[in-house]
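S.K.:
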Amino acid sequence: MDIMHNAQAIMDYINTAISGDGLKLDENGVASLTIEEDIVCLFCVLEAEKMLVATLYLGRINQSDSNLLYEMMCGNYMGAYTAGGTLGIDAEEGLVALHQHFPLPVDEPAWIEEPLSALIGAARYWRDKLSASVSGVGETAHVSAAEAMLRV
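So this note's numbering is basically just the index in the sequence shown, starting at one, shifted up by 9.
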């Protein structure tokens with residue numbers, strides 16, 4: 010099975026797990042879904058690297074909140090509060106993202122369930138931290154699917 014078919018088998022498993030059917034890789038090897046209306050999860054297949062990259066866009070950062078930025082750096086250290094993923098900030102868009110790379114191919118598409126569930130749990134944690142941070146400055150931390158797709 011080639012890398013794209015293997016990755017689509019993983020997407021099909023996720024579809025089954027969430028009772029969905031719309032998670033299909035496009036011709037560029039990209040698929041997305043929205044979690045709880047405000048976390049955009051983008052999957053991207055890197056064929057040459059034999060990787061599936063999951064990127065969860067969590068919202069906008071209040072750049073003046075040094076306490077939150079410090080907490081994010083500490084949480085990022087050795088995957089402590091990221092379920093093994095990596096937190097980052099898209100400097101151009103000001104979006105916080107949680108990334109994780111998964112090797113391909115896999116023998117069993119169901120393997121994704123545990124690490125992806127943990128990653129989503131970490132994304133919820135940081136999304137809530139972001140929301141609390143910006144609630145005092147009159148902005149919203151939430152990101153729409155259209156905003157998250159700007160940099161694809």
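Note that the Cβ used here is the ideal one computed from N, Cα and C, for glycine as well.
The model shown is predicted, which means the values in this text are computed figures rather than measured ones.
Residues in the same chain with beta-carbon distance under 7 Å from LEU159, minus the five sequence neighbours each way, listed in chain order, please.
M.R.: Taking the sequence shown and counting its residues from 1, one reaches residue 159 at position 150. A caution first: LEU159 carries a pLDDT of 41, below 50, which makes its placement in the model too unreliable to give a value.
S.K.: Would you call the segment 23-34 and the segment 56-70 touching, i.e. three or more CB-CB distances under 8 Å?
M.R.: Contact between the segment 23-34 and the segment 56-70 is absent, because fewer than three Cβ pairs lie under 8 Å.
S.K.: Among all the DSSP beta bridges, which residues are the ones paired with PRO112?
M.R.: Indexing the sequence shown from 1 puts residue 112 at position 103. Bridge partners of PRO112: MET60.
S.K.: Closer than 6 Å by C-beta to ASN15: which residues in its own chain qualify, once you throw out the five before and the five after it? Chain order, please.
M.R.: Within the sequence shown, residue 15 is the residue found at index 6, counting from 1. The beta carbon of ASN15 sits closer than 6 Å to the beta carbons of LEU113, PRO114 from its chain, once the five residues preceding and following it are set aside; these are given in chain order.
S.K.: Is the beta carbon of PRO118 less than 8 Å from the beta carbon of ILE44?
M.R.: Stepping through the sequence shown from its first residue, residue 118 is reached at position 109. Stepping through the sequence shown from its first residue, residue 44 is reached at position 35. No.
S.K.: Can you tell which of HIS108, GLY93, ALA127 has its C-alpha closest to the C-alpha of ASP99?
M.R.: Taking the first residue of the sequence shown as position 1, residue 99 is located at position 90. That would be HIS108, whose Cα lies nearest to the Cα of ASP99.
S.K.: Can you name, in chain order, every residue of its own chain whose Cβ lies under 6 Å from the Cβ of PHE111, other than the five neighbours on each side?
M.R.: The residue you call residue 111 lines up with position 102 of the sequence shown. Answer for PHE111: LEU61, listed in chain order.
S.K.: Indicate, with yes or no, if the ligand SAH has a heavy atom lying under 7 Å from the CB of ASP11.
M.R.: No copy of the ligand SAH appears in this structure; indeed no ligand is present at all.
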